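Visitor: Structure incoming, see below.
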Amino acid sequence: MGRISLKPAVLIAIGGILLTAAYAGLGALQILVLNPLAAAPGLALHEIHAALEAAGESVSPLPVVIFVGSGLLLSLGVWLYSTASSSASPQVAAVLVLLILAFGAPAYFAASFAGGMALADAFAISGGDHSPWSNLLYLTSSAAFVSAIALPVVLALRSRRVSLSPRPST
Numbered sequence: 002m003g004r005i006s007l008k009p010a011v012l013i014a015i016g017g018i019l020l021t022a023a024y025a026g027l028g029a030l031q032i033l034v035l036n037p038l039a040a041a042p043g044l045a046l047h048e049i050h051a052a053l054e055a056a057g058e059s060v061s062p063l064p065v066v067i068f069v070g071s072g073l074l075l076s077l078g079v080w081l082y083s084t085a086s087s088s089a090s091p092q093v094a095a096v097l098v099l100l101i102l103a104f105g106a107p108a109y110f111a112a113s114f115a116g117g118m119a120l121a122d123a124f125a126i127s128g129g130d131h132s133p134w135s136n137l138l139y140l141t142s143s144a145a146f147v148s149a150i151a152l153p154v155v156l157a158l159r160s161r162r163v164s165l166s167p168r169p170s171t
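First residue of the sequence shown: 2, per my numbering; consecutive thereafter.
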């Protein structure tokens, strides 16, 4: 049986889809389940939603669907670029994946804002995250942002060092 060989850019893009799905999944879980449970300790999720409804509030899933969908669509776009382009660079694919993860933090914040405010209004608490799991999202985005900046710099310095080194005589 023949062996399937994938270009490095495609492998990076597939990894990016998986990482983005994990990030988006945790973000959705944080917004819809973990944060509400942490914001109203001792109450079950259905009790929290009943209290939200009684206060004229709700945690809408629409911003979460947009958050998850946009991240996955962007990562699928990197995969399409990596698959369709014969000259797809693994470095470009890696930077694009890192930027998607980096911009996950502002997207998460935007998606969670209305739900956090609904919880704040219904339970007379602050509107920020109450579950510590959001810290993992922010830490991941911060590391991805730094890496998206550092990777091209490191590659440029390495390329420059290789081009400056003397070539062996033949």
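Virtual Cβ for every residue (Gly too), placed ideally from N, Cα, C. Quantities reported herein were computed from a predicted structural model and do not represent experimental measurements.
Taking just the CA atoms, how far does Pro9 sit from Tyr82?
Guide: The sequence position of residue 82 within the sequence shown is 81, counting from 1. The sequence position of residue 9 within the sequence shown is 8, counting from 1. Their Cα atoms are separated by approximately 12 Å.
Visitor: With a floor of 4 residues, list each alpha helix (DSSP H) that falls wholly inside the segment 100-133, ordered by position along the chain.
Guide: List check, alpha helix (DSSP H) in window: 105-124.
Visitor: Are the segment 97-110 and the segment 61-77 touching by the rule of at least three beta carbon pairs closer than 8 Å?
Guide: Judged by Cβ distances under 8 Å, the segment 97-110 makes contact with the segment 61-77, as three or more pairs qualify.
Visitor: I'd like to know whether the C-beta atoms of Leu53 and Ala112 end up nearer to each other than 7 Å.
Guide: Indexing the sequence shown from 1 puts residue 53 at position 52. Indexing the sequence shown from 1 puts residue 112 at position 111. For Leu53 and Ala112, no; Cβs fall outside 7 Å.
Visitor: Could you tell me the distance, in whole angstroms, from the CA atom of Arg178 to the CA atom of Thr141?
Guide: Because the chain is modelled from 2 through 171, residue 178 falls outside the range shown and cannot be assessed.
Visitor: Whose C-beta lies closer than 6 Å to the C-beta of Ala1 among residues of the same chain, with five residues either side of it excluded?
Guide: In the structure displayed, the chain extends from 2 to 171; residue 1 sits before or after that span and is not available.
Visitor: Would you mind giving the Cβ-Cβ distance between Leu99 and Ala145, rounded to the nearest angstrom? I have them listed as a contact below 8 Å.
Guide: Stepping through the sequence shown from its first residue, residue 99 is reached at position 98. Stepping through the sequence shown from its first residue, residue 145 is reached at position 144. Between Ala145 and Leu99 the Cβ distance is about 5 Å, and since that is below 8 Å, they are a contact.
Visitor: At the level of alpha carbons, what is the spacing between Gln31 and Ser135?
Guide: Indexing the sequence shown from 1 puts residue 31 at position 30. Indexing the sequence shown from 1 puts residue 135 at position 134. Whole-angstrom Cα-Cα distance: 7 Å.
Visitor: Answer with buried or exposed for Val69, where buried requires no fewer than 16 other C-beta atoms within 10 angstroms of its C-beta.
Guide: Looking up residue 69 in the sequence shown gives position 68. It counts as buried.
Visitor: Applying the 10 Å Cβ sphere with the 16-neighbour rule, what's the burial state of Gly43?
Guide: The residue labelled residue 43 in the question sits at position 42 within the sequence shown. The residue in question, Gly43, is exposed, as its Cβ has fewer than 16 Cβ neighbours within 10 Å.
Visitor: Identify whether Gly43 lies in helix, strand or coil by the three-state DSSP scheme.
Guide: As a position in the sequence shown, residue 43 is number 42, starting the count at 1. Coil, per DSSP.
Visitor: Between which two residues does the alpha helix (DSSP H) harbouring Ala25 extend?
Guide: Locating residue 25 in the sequence shown gives position 24, where the first residue counts as 1. Ala25 -> alpha helix (DSSP H) spans 9-30.
Visitor: Using CA coordinates, which residue listed in Gly128, Phe110, Leu156 is at the minimum distance from Val65?
Guide: On the sequence shown, residue 65 is found 64 positions in, with the first residue counted as 1. Checked all of Gly128, Phe110, Leu156; the closest Cα to Val65 is Phe110.
Visitor: Out of curiosity, what's the CA-to-CA distance linking Ala23 and Gly17?
Guide: Along the sequence shown, one-based indexing puts residue 23 at 22. Along the sequence shown, one-based indexing puts residue 17 at 16. Taking the straight line from one Cα to the other gives about 10 Å.
Visitor: Give me the Cα-Cα distance between Leu7 and Asp130, rounded to the nearest whole angstrom.
Guide: For the purposes of this step, residue 7 is taken as the residue at position 6 of the sequence shown. For the purposes of this step, residue 130 is taken as the residue at position 129 of the sequence shown. Distance between the alpha carbons of Leu7 and Asp130 is about 41 Å.
Visitor: What is the DSSP secondary structure of Val66, reduced to helix, strand or coil?
Guide: For the purposes of this step, residue 66 is identified with residue 65 of the sequence shown, where counting begins at 1. Note: Val66 maps to helix in three-state DSSP.
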